[in-house]
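Heads up: the sequence shown begins at 6 in my numbering, then just goes up one per residue. Accompanying notes for the structure given below.
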Amino acid sequence: MPVPAWRQPWHKIVLPLLLCVLLPALQARAELYPADSSALNVRDFGAVGDGHTDDTAAFLAALAASGGDTGASFWQDRLVFVPNGTYRITAPLLKRYADGRFASGFVLIGQSETGTVLKLPDQAPGYGDPQRPQPVILTSSKLYRSGATEGGKDYPGRGEGNDAYMNFVENMTIDVGSGNPGAIAIDYLGNNSGAIRHVTLRAGAGSGAVGLSMTRKWPGPTLIQHLTIEGFATGIATAQTEYGLTFEHVNLSNQTDTAITNSQNALTFRNLSIDGPSGRIINVGDKAFLAIEGGTAPGGSVADLIRNDGFVTLRDLSIGGTVQSGVLQGRSNWQAAPPPAGRTAWADPPPVPVVEAGQWVNVATYGATGDPAQDATQALRQAFASGAAVVYLPNGTYAVNDSVDIPASLQRIVGMNSTIRVINRRPAFARTNGMFRAATAGPPLFIERLAFDNTGLGEQVGVELSGGREIVMRDIVSAGTTMLDRRATGGRAFLDNMCCGLLRITGPQPVFARQFDSEGTTTRIINRGSPLSILGLKTEGVCTVLDNREGARTDILGGLVYVVRDGAPATVPTFINTGSSLSAGFVEESLRSGSRYQIYVGRAAGDTTPPVPVTDFPERGFGRFVPDLRDGPP
6 MPVPAWRQPW HKIVLPLLLC VLLPALQARA ELYPADSSAL NVRDFGAVGD
56 GHTDDTAAFL AALAASGGDT GASFWQDRLV FVPNGTYRIT APLLKRYADG
106 RFASGFVLIG QSETGTVLKL PDQAPGYGDP QRPQPVILTS SKLYRSGATE
156 GGKDYPGRGE GNDAYMNFVE NMTIDVGSGN PGAIAIDYLG NNSGAIRHVT
206 LRAGAGSGAV GLSMTRKWPG PTLIQHLTIE GFATGIATAQ TEYGLTFEHV
256 NLSNQTDTAI TNSQNALTFR NLSIDGPSGR IINVGDKAFL AIEGGTAPGG
306 SVADLIRNDG FVTLRDLSIG GTVQSGVLQG RSNWQAAPPP AGRTAWADPP
356 PVPVVEAGQW VNVATYGATG DPAQDATQAL RQAFASGAAV VYLPNGTYAV
406 NDSVDIPASL QRIVGMNSTI RVINRRPAFA RTNGMFRAAT AGPPLFIERL
456 AFDNTGLGEQ VGVELSGGRE IVMRDIVSAG TTMLDRRATG GRAFLDNMCC
506 GLLRITGPQP VFARQFDSEG TTTRIINRGS PLSILGLKTE GVCTVLDNRE
556 GARTDILGGL VYVVRDGAPA TVPTFINTGS SLSAGFVEES LRSGSRYQIY
606 VGRAAGDTTP PVPVTDFPER GFGRFVPDLR DGPP
């Protein structure tokens, strides 16, 4: 039997001039929404933003008005927009339903990271005890199809659970002031679809217990992108064995205790920067897993940087000026190894175009109402073909009976957490055709904050890309649909914070997925000959995660696979890899011996290459650590 690779040694529009100014990913970001976009503006609920008035009640009222419990259709909450200003906050910001229960769907979007500031006053009551810390922002789970204390969670008291859908915090700075040693900037719980983006967390002198806390039951999967944490005792604290967390472009500086503390979860980082005298990482617990690619950190060695109880996979992390790659098991078992050969170098998405206000078009202008009983096909087609660079769909449900083509002139579709659904299907509308279809070449296409829902109506493709243009899909929910079918002639694809459907790709252009959650019992990803890179994978169900063939090159860094149910057939592999290259580092979660994989890599019919059994890798409870799987040609 070959030696596993891991063991080998080697309101209104607030400013009239712009509706949207979005600069490249590494620069400042600003976002505004038109008055008829369906976004709620905290100023309309009484927020002042002068740094002196207590705006807490206004924020709470806006969040409460953003949506009730919509059951299984969890993606329909409205955005709460925060214009530039300094907002004095004196108690935790959270969302509850009208009956007082903890809610999901906390969507708080600032105008800009530097201009929108939530400020805790110095020496604020309730924030003085680091042993009993309190957050500025708290996101929570709703209660859906489970008991309030099932699995050991405390939903009534702490908003715990695994139904923390659609929790977003973006484009703002949270400043916990000075003299608040018991302050947590964000106590975040998110599941399946949610993100923190372009956020700075700042603690003054003698302040800050934790910058970003994700320790309540059960965090993940979720995406943390472009996060800066300045000060605090601990920068990032995570816990629980489920469900995996994905981080990208994270900068931590001047923590007084530790930069990152992870207890038992599976964390994935790309481009991690740590600076300061206490820039250590603690990976505690026998199920803890870290995967880190790129970035810089202090220290003289891997063991100096990371106090580890589980497994750590490093790829090209500069520690004290020395680039390190390999696998760390326990405190001291370091096995240096180069990253997988032939993998596609990571690329950031193209910048969202700068678009002036007059170029935005509301689909309502062409008659679409967002009423699910209305056939909106023609209205959407007319809006898309209007010549506008940006089209937006106010929060609602838009039914289509056929594909809606996206012309080259349309560069951005802003969904506002709306739903696209099939109604009165035309006979020619094949299930293999996209609800939205981009078949012509053009500039990059952005599709964001939309759900493609065909639940209970049979399979359907959500977005079909065959034109030679890049596509960026962000914060997309696919229910009963294939999230993307990228054909052989389609351009590069960037998929950020995707849930929960299938992915089909073919052709030579690369696909980059960040926080990719796919759940179900059929094969989740079908790759025919494409370069595919996934940063943070999470799956649920008795399924083959990836079918990799025809010269495909797939690399998966970090994540968690979870069969969940008992009775998984021993013949169902995690991956099928035939005539292709596969590299992966992840964990398998399992709570019982009958709910786990037996084969990690299987073969297509006719391929006589031996499979890769799970026994090649070390146990993680009933599951496994798979820190460095490599299969197929380099």
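Using N, Cα and C, we set each Cβ at its ideal position, and we do this for glycine too.
Report the three-state DSSP secondary structure of G626 (helix, strand or coil). The three-state secondary structure of G626, taken from DSSP, is coil.
For R558, count neighbouring Cβ atoms within 10 angstroms of its own Cβ and tell me buried if that reaches 16, exposed if not. buried
Sequence-distant residues of its chain with Cβ nearer than 6 Å to F252 (five each side left out): I229, F274
Rounded Cβ spacing between L257 and I179 (contact assumed at less than 8 Å): Beta-carbon to beta-carbon, L257 and I179 are separated by about 15 Å, too far to satisfy the 8 Å threshold.
How should N288 be labelled, buried or exposed, when 16 other C-beta atoms within 10 angstroms of its C-beta is the threshold for buried? buried
Would you give the residue range spanned by the alpha helix (DSSP H) that N170 belongs to? Inspection of the sequence shows that residue 170 is occupied by Tyr rather than by Asn. Careful: Y170 lies outside any alpha helix (DSSP H) and carries neither H nor E.
Cα-Cα separation between S600 and R570, rounded to whole angstroms: Straight-line Cα distance between these residues: approximately 5 Å.
I'd like to check one pair, E298 with T205: are the Cβ atoms closer than 8 Å? E298 sits away from T205, with the two beta carbons spaced by 8 Å or more.
Same chain, Cβ closer than 7 Å to P29, five either side skipped, listed in chain order: Residue placement at P29 is flagged as unreliable, the pLDDT there being 38, under the threshold of 50; the coordinate-derived value follows with that caveat. Excluding residues within five positions, the ones whose Cβ falls inside 7 Å are P356.
What is the DSSP secondary structure of S330, counted as helix, strand or coil? strand
Grab me the residues of D59's own chain with a C-beta within less than 6 Å of its C-beta, minus the 5 sequence neighbours each way, in chain order. R93, T95, listed in sequence order.
Closer than 8 Å is the cut-off here; do at least three beta carbon pairs connect the stretch 449 to 458 with the stretch 415 to 433? yes
Please tell me whether V619 and D636 are closer than 8 Å, where the distance is taken between their beta carbons. Not closer than 8 Å, so no.
For Q139, which three-state DSSP category applies? strand
Within 8 Å, strictly: CB atoms of G284 and P303: yes
Threshold first: 4 residues or longer. Then list the alpha helix (DSSP H) segments lying entirely within the stretch 341 to 412, N to C. Counting whole runs of 4 or more residues, the stretch 341 to 412 contains the alpha helix (DSSP H) stretches 382 to 389.
With a CB to CB cut of under 7 Å and the five nearest residues on each side skipped, what residues in its chain are close to K292? T246, Q269, G315, R625, G626
In three-state DSSP terms, what is R519? strand
Environment of S588 [buried if 16+ CB atoms lie within 10 Å]: buried
Go ahead and pull the three-state DSSP assignment for P88. coil
Taking the beta carbon of E475 as the centre, do at least 16 other beta carbons fall within 10 Å, making it buried, or is it exposed? buried
Classify F237 as helix, strand or coil using the three-state DSSP reduction. coil
Cβ of V215 less than 8 Å from any chain D Cβ? Annotation note: the requested chain D is absent from the structure, which comprises a single protein chain.
Which of the three DSSP states, helix, strand or coil, is assigned to F64? helix
Tell me the rounded alpha-carbon separation between G152 and G281. 44 Å
Span of the beta strand (DSSP E), counted from its first residue to its last, around G564: 558 to 567
Given this structure, state the Cα-to-Cα distance separating L507 from V427, to the nearest angstrom. 18 Å
With DSSP collapsed to three states, give me the class of G162. helix
Three-pair Cβ contact test at 8 Å for the stretch 159 to 169 versus the stretch 132 to 139: Contact between the stretch 159 to 169 and the stretch 132 to 139 is absent, with fewer than three C-beta pairs closer than 8 Å.
Do L143 and R83 have their CB atoms nearer than 8 Å? No; because the gap between Cβ atoms is not below 8 Å, this pair is not in contact.
Would you call Q32 buried or exposed, if buried means 16 or more other Cβ atoms sit within 10 Å of its Cβ? Annotation note: pLDDT 41 at Q32 (below 50); position unreliable, coordinate value reported separately. Per the 10 Å Cβ criterion, exposed.
If distances are taken between C-alpha atoms only, which option among F64, Q379, Y397 comes closest to T370? Y397
Just the C-alpha distance for A70 and L148, rounded to the nearest angstrom, thanks. 18 Å
Boundaries of the beta strand (DSSP E) in which A443 is found, first to last residue: 439 to 443
Contacts around T494, its chain only, beta-carbon distance under 8 Å, and the 5 residues preceding and following it disregarded: If we look at T494 and ignore the five residues flanking it on each side, its Cβ neighbours are S471, G472, G473, G512.
With distances taken Cα to Cα, identify the nearest neighbour of G187 among G164, W223, Y567, P126. P126
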